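Worksheet: the structure to be examined is printed underneath.
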Amino acid sequence: MAEFLFATSGFVLATVALGLVRILRGPADADRMMAAQLLGSGGIAALLLLGAAAGVDSVIDLSLALVLLAAFATVAFVRFTAAPPSGAAGPDDAL
Amino acid sequence: MIDALNAGIALLLLGLAIWTIVARDTFAAIVGYVAYGLLLTLAWVALGGVDVALTEAAIGGGLTGVLLLRAAAQLRRTEAASNAERPGLPMRLAAAIVAGGVAVALAIVVLAPAGPAPTLVPEVAANIAATGVGNPITAVLLAFRAIDTLLEAIVLLFALIGVWSLAPDRVWGGRPGPRYRADPDGTLAYLARLLPPIGIIVGVYIFWIGADAPGGKFQGATILAAMWLLAMMAGLADAPPVGRRRLRAALVAGPVVFIAVGAAGVATAGAFLAYPEGLAKPLILVIEWALLPSLALTLGLIMAGAPQRPEDR
Amino acid sequence: MSAALDLFTVVAVAAGAFFFLAGTVGLLRFPDVFTHLHALSKADNLGLGLVVLGLLPQANGLLAGLKLVAIWLLALLVGAVVSQLIARAARRAGPRA
Chain C
736 MAEFLFATSG FVLATVALGL VRILRGPADA DRMMAAQLLG SGGIAALLLL
786 GAAAGVDSVI DLSLALVLLA AFATVAFVRF TAAPPSGAAG PDDAL
Chain U
3 MIDALNAGIA LLLLGLAIWT IVARDTFAAI VGYVAYGLLL TLAWVALGGV
53 DVALTEAAIG GGLTGVLLLR AAAQLRRTEA ASNAERPGLP MRLAAAIVAG
103 GVAVALAIVV LAPAGPAPTL VPEVAANIAA TGVGNPITAV LLAFRAIDTL
153 LEAIVLLFAL IGVWSLAPDR VWGGRPGPRY RADPDGTLAY LARLLPPIGI
203 IVGVYIFWIG ADAPGGKFQG ATILAAMWLL AMMAGLADAP PVGRRRLRAA
253 LVAGPVVFIA VGAAGVATAG AFLAYPEGLA KPLILVIEWA LLPSLALTLG
303 LIMAGAPQRP EDR
Chain W
9 MSAALDLFTV VAVAAGAFFF LAGTVGLLRF PDVFTHLHAL SKADNLGLGL
59 VVLGLLPQAN GLLAGLKLVA IWLLALLVGA VVSQLIARAA RRAGPRA
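Taken in order, these protein sequences are the chains called C, U and W.
Per my numbering, numbering through the first sequence is continuous, rising by one, with the last residue being 830.
Per my numbering, numbering through the second sequence is continuous, rising by one, with the last residue being 315.
Per my numbering, numbering through the third sequence is continuous, rising by one, with the last residue being 105.
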């Protein structure tokens, strides 16, 4: 069981790596903003599998924190790209 | 199997780090850096350090990402000009040689078989029962080496003062950052209403279990600060004016309590930050509860940036 | 009983890994940001859900199981909203490169 979980963790990590390569290459800023979200779902899965395989229970708390922080990071990415955030914008700038 | 996984993580980290350095666009490099930080948590877990992984996720994934994004936004006007100038080939070769040399030296030092490293783990294990906490990292941070934690908290305040010192004179003491506006029926406002309550519970929970499991005040405070900043970015909360007395009092309250406990230790137990017999756990709790709000406020204000608006706008 | 639980774990986790693979294939093959967001938020979150489901029998106690489910629900919520935000940012930035 532990071997299987280690192997799956590595597999999921490999898919995350492939996804990262494609995302980070993406020509637009919007492509790259997905990187934190990709790690927020795929990275967490790999982390949970790793924790279950190694018998470390505290990765569950770590994953809880990671979900929130990945969300925060992505919102920060969206907020801080080229478009100015302040109030002089038209209705289309409301998120 | 485990070796293959570790090797995979290491290679991925290396590749991502190289990409971050090589990327031409600043925003792309910052995204790569944040992704690198989030991946590093995986590496820390593989090494068995879940406390460090939590801190890495909080700082690398949340805090430094926002700081870098703000800096990049300020520098956007000069980005094209600074990208256009590149140092000549001899300079780049010299930089490559120096960087390579440092890397090789570090590798030799880390990998050389020099016998068991000096460690205090047995002493900590022998004495941890006296502190009343189960997590050895918390015991070290708040009992055996509490002076380091105190100095850390003070250094963070200095960092905040450094950030504030970047304000132009006319908005000295004003509100950090621009005033964000979000559609009150929009998705960002929805997320900023739904996530912070959950985030606060998770943050306080991680702070609370730090006594006996990986966690602690620093990670909890970073999550709380991130939720506050989320509300600010959605326009649901406005950054407070940094000149306000009560804000500044709240910021120093934590370190002041810490220093007070330390001074009391001189009177009752013979040394600064020594805990009297049997009072270790309660005093640690007092310090942690005092530090948590101060730390969350400090980190949140560091992320909010330098004042940009006068107090009444 | 324990063998049946282990089998359940293996099947669910394998299915989850398959969906992660599907999500990455989608990321690699779909043409633009909006379709990438589909692959990312739908396939990856489903994969995470299956992985969480598979890890539930292996969890130590009720609280750990509840936390696992909470992680998945949070990831769903966050994924849905954040995809909207990224899509709007992409639409505002206009068609590029």
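Ideal Cβ positions, reconstructed from N, Cα and C, are used throughout, including at glycine.
If you're wondering where the values come from, they're calculated on a predicted model, not measured in any experiment.
Residue i burial status per 10 Å Cβ neighbour count (16 or more: buried)
{"i": "residue 766 of chain C", "result": "buried"}
{"i": "residue 826 of chain C", "result": "Below a pLDDT of 50, predicted positions are generally treated as unreliable, and residue 826 of chain C, at 36, falls in that range; no measurement from the model is reported."}
{"i": "residue 796 of chain C", "result": "buried"}
{"i": "residue 249 of chain U", "result": "exposed"}
{"i": "residue 133 of chain U", "result": "buried"}
{"i": "residue 9 of chain W", "result": "exposed"}
{"i": "residue 76 of chain U", "result": "exposed"}
{"i": "residue 746 of chain C", "result": "buried"}
{"i": "residue 171 of chain U", "result": "exposed"}
{"i": "residue 168 of chain U", "result": "exposed"}
{"i": "residue 53 of chain W", "result": "buried"}
{"i": "residue 779 of chain C", "result": "buried"}
CA-to-CA distance, residue j to residue i, given in whole angstroms
{"i": "residue 815 of chain C", "j": "residue 41 of chain U", "result": "22 Å"}
{"i": "residue 223 of chain U", "j": "residue 95 of chain W", "result": "31 Å"}
{"i": "residue 731 of chain C", "j": "residue 15 of chain W", "result": "Beyond the ends of chain C as shown, which are 736 and 830, falls residue 731 of chain C; an answer cannot be given."}
{"i": "residue 156 of chain U", "j": "residue 308 of chain U", "result": "19 Å"}
{"i": "residue 267 of chain U", "j": "residue 139 of chain U", "result": "21 Å"}
{"i": "residue 207 of chain U", "j": "residue 798 of chain C", "result": "13 Å"}
{"i": "residue 782 of chain C", "j": "residue 64 of chain W", "result": "15 Å"}
{"i": "residue 47 of chain W", "j": "residue 32 of chain W", "result": "7 Å"}
{"i": "residue 289 of chain U", "j": "residue 274 of chain U", "result": "14 Å"}
{"i": "residue 259 of chain U", "j": "residue 253 of chain U", "result": "11 Å"}
{"i": "residue 265 of chain U", "j": "residue 145 of chain U", "result": "14 Å"}
{"i": "residue 1 of chain U", "j": "residue 135 of chain U", "result": "In the structure as shown, chain U starts at 3 and stops at 315, and residue 1 of chain U therefore has no counterpart that could be examined."}
{"i": "residue 188 of chain U", "j": "residue 91 of chain W", "result": "13 Å"}
{"i": "residue 33 of chain U", "j": "residue 97 of chain U", "result": "25 Å"}
{"i": "residue 125 of chain U", "j": "residue 227 of chain U", "result": "35 Å"}
{"i": "residue 27 of chain W", "j": "residue 51 of chain W", "result": "6 Å"}
{"i": "residue 79 of chain U", "j": "residue 286 of chain U", "result": "48 Å"}
{"i": "residue 794 of chain C", "j": "residue 39 of chain W", "result": "35 Å"}
{"i": "residue 127 of chain U", "j": "residue 112 of chain U", "result": "25 Å"}
Test: residue i CB closer than 8 Å to a CB of chain U
{"i": "residue 36 of chain W", "result": "no"}
{"i": "residue 702 of chain C", "result": "Any question about residue 702 of chain C goes unanswered here, given that chain C covers just 736 to 830."}
{"i": "residue 816 of chain C", "result": "yes"}
{"i": "residue 58 of chain W", "result": "no"}
{"i": "residue 84 of chain W", "result": "no"}
{"i": "residue 92 of chain W", "result": "yes"}
{"i": "residue 21 of chain W", "result": "no"}
{"i": "residue 89 of chain W", "result": "yes"}
DSSP state of residue i mapped onto helix, strand, coil
{"i": "residue 199 of chain U", "result": "helix"}
{"i": "residue 312 of chain U", "result": "coil"}
{"i": "residue 284 of chain U", "result": "helix"}
{"i": "residue 295 of chain U", "result": "helix"}
{"i": "residue 823 of chain C", "result": "Reliability of the predicted coordinates at residue 823 of chain C is poor, the pLDDT of 38 falling under 50, and no value is obtained from them."}
{"i": "residue 178 of chain U", "result": "strand"}
{"i": "residue 27 of chain W", "result": "helix"}
{"i": "residue 809 of chain C", "result": "helix"}
{"i": "residue 804 of chain C", "result": "helix"}
{"i": "residue 192 of chain U", "result": "helix"}
{"i": "residue 116 of chain U", "result": "coil"}
{"i": "residue 26 of chain U", "result": "coil"}
{"i": "residue 150 of chain U", "result": "helix"}
{"i": "residue 167 of chain U", "result": "coil"}
{"i": "residue 10 of chain U", "result": "helix"}
{"i": "residue 258 of chain U", "result": "helix"}
Any chain C beta carbon closer than 8 Å to residue i
{"i": "residue 204 of chain U", "result": "yes"}
{"i": "residue 12 of chain W", "result": "no"}
{"i": "residue 98 of chain W", "result": "yes"}
{"i": "residue 43 of chain U", "result": "yes"}
{"i": "residue 75 of chain W", "result": "yes"}
{"i": "residue 10 of chain U", "result": "yes"}
{"i": "residue 294 of chain U", "result": "no"}
C-beta neighbour in chain W for residue i, strict 8 Å
{"i": "residue 774 of chain C", "result": "no"}
{"i": "residue 208 of chain U", "result": "no"}
{"i": "residue 15 of chain U", "result": "no"}
{"i": "residue 760 of chain C", "result": "no"}
{"i": "residue 778 of chain C", "result": "no"}
{"i": "residue 192 of chain U", "result": "yes"}
{"i": "residue 821 of chain C", "result": "With a pLDDT of 45 at residue 821 of chain C, under the threshold of 50, the modelled position of this residue cannot be trusted, and the question is left open."}
{"i": "residue 827 of chain C", "result": "Low confidence applies to residue 827 of chain C: its pLDDT is 41, below 50, so where it sits in the model is not reliable, and the reading given next is rough at best. Yes - at least one Cβ of chain W is within 8 Å of the one on residue 827 of chain C."}
Any non-hydrogen atom of the ligand SAH within 7 Å of residue i CB
{"i": "residue 264 of chain U", "result": "Looking for the ligand SAH in the displayed structure turns up nothing, as the structure carries no ligands at all."}
Query raised in the report: How about the segment 79 to 94 of chain W and the segment 182 to 201 of chain U: do they share at least three Cβ pairs that are nearer than 8 Å?
Result: yes
Query - Sufficient close CB pairs (3 or more, under 8 Å) joining the segment 180 to 199 of chain U to the segment 766 to 777 of chain C - result: No, because fewer than three Cβ pairs between the segment 180 to 199 of chain U and the segment 766 to 777 of chain C fall closer than 8 Å, the two stretches do not touch.
Report task. Evaluate the contact criterion for the segment 214 to 232 of chain U versus the segment 19 to 32 of chain U: three or more CB pairs, one atom per stretch, below 8 Å. Result -> no
Query - Contact between the segment 737 to 751 of chain C and the segment 5 to 12 of chain U (3+ Cβ pairs under 8 Å) - result: yes
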